[in-house]
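Right, one structure below, let's go through it.
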Amino acid sequence: MSKQIHVGAVAVGGGAPVSIQSMCNTPTQDAERTVSQILRLEQAGCQIIRVAVPDMDAARAIGIPLVVDIHFDYRLALECVRQGVDKIRINPGNIGSAEKVRAVADACRDRGIPIRIGVNGGAPGRGGPPTVH
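The sequence shown begins at 32 in my numbering and counts up one residue at a time.
See below:
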């Protein structure tokens, strides 16, 4: 039996279930196309995705900072922290109680993840409430 390792959260070898892996065929430095392909692979059931790094532009594209914008469910923010997000934006007014906001703040502090506190105060440029259709 082989030694078990982890690729992110996916166990490989050592009796772990077979995982599905694929590779993007987009130029990695084209972040928009590569991310789009990654999402399609994930929707198809892919658990591990490889990208080619043939040059410095591709290597630099790997480090695109990922910021998540969380509304209504603080558990989404906590999971994003566990997944290694680079920054979180929350709106305390729709996250819920002070305890939920504190849980997000504590998790981010523990991992050194910055938080942007945002408040939706109206339609951009008009100062009024957003129109709901």
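C-beta atoms are modelled at their ideal positions from N, C-alpha and C, and glycine is treated no differently.
These numbers come from a predicted model, not from an experiment.
Close beta carbons around residue i, own chain, < 6 Å, minus the five adjacent residues each side
i           : result
residue 132 : 123 and 126
residue 117 : 96 and 97
residue 56  : none
Three-way DSSP call (helix, strand, coil) for residue i in this model
i           : result
residue 52  : strand
residue 138 : helix
residue 118 : strand
residue 46  : coil
residue 95  : coil
residue 61  : coil
residue 88  : helix
residue 150 : coil
residue 82  : coil
residue 36  : strand
Integer-rounded CB distance, given that residue j should sit under 8 Å from residue i
i           : j           : result
residue 100 : residue 120 : 5 Å
residue 78  : residue 52  : 7 Å
Option nearest residue i by Cα separation, candidates the options
i           : options             : result
residue 139 : 128, 150 and 107    : 107
residue 109 : 137, 56 and 84      : 137
residue 93  : 48, 111, 35 and 65  : 65
residue 147 : 102, 41, 114 and 49 : 102
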